[in-house]
Amino acid sequence: AFHCRVAQLYGEPTTEIIGGPDLYIDRGSTINLTCVVLYSPEPPAYIFWNHNEGIISYDSPRGGVSVITEKGDTTTSFLLIQKARPSDSGRYQCNPSNAQSKSVMVHVLNGGESLHCMS
4 AFHCRVAQLY GEPTTEIIGG PDLYIDRGST INLTCVVLYS PEPPAYIFWN HNEGIISYDS
64 PRGGVSVITE KGDTTTSFLL IQKARPSDSG RYQCNPSNAQ SKSVMVHVLN GGESLHCMS
């Protein structure tokens, strides 16, 4: 049992995206993706984001795309995309240098749809 506990406390770094695996965003609002790296002995040297397998450009003509990364016991990276549009839909992947990547599907709603959730 002791070994299990040690493995649990100091196991592999784990990557989580808050609110995944699917996020529904209204068109025109801000997409805020939060990626957290847990159980890492040291912060990742870098975290980069992909959108549908491509590297996200922060200086593209689209504008309004930014990343904030806070390093500490847990490292958190926030990807902010302002004025969401349907073309922003798709799979976003958070890639820390020292942990497994994690992805989330973002669905930008045009505004006419209603989201029906089954309980």
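Per the numbering used here, the very first residue in the sequence shown carries number 4; after that it's consecutive.
From the three backbone atoms N, C-alpha and C, an ideal C-beta is built for every residue, glycine too.
Fair warning: this is a prediction, and the values are worked out from it, not measured in the lab.
Give every residue of the same chain whose Cβ lies closer than 6 angstroms to the Cβ of residue i, excluding the five residues on either side of it in the sequence, and list them in chain order.
i	result
Glu73	Thr79
Asn98	Phe51, Ser104
Which of the three DSSP states is assigned to residue i in this structure?
i	result
Ser106	strand
Asp25	strand
Pro99	strand
When you compare each of the options to residue i by their alpha carbons, which one comes out closest?
i	options	result
Cys38	Gln96, Ala48, Gly31	Gln96
Asn35	Thr77, Glu56, Phe81	Phe81
Pro16	His110, Ser100, Leu112, Gly114	Ser100
Asn55	His110, Arg94, Ser32	Arg94
Pro89	Thr33, Thr18, Gly22, Glu19	Thr33
Gln85	Tyr61, Thr77, Gly75	Tyr61
Note down, in chain order, each residue of its chain lying with its Cβ closer than 7 angstroms to the Cβ of residue i, except the 5 sequence neighbours on either side.
i	result
Pro24	Val107, Met108
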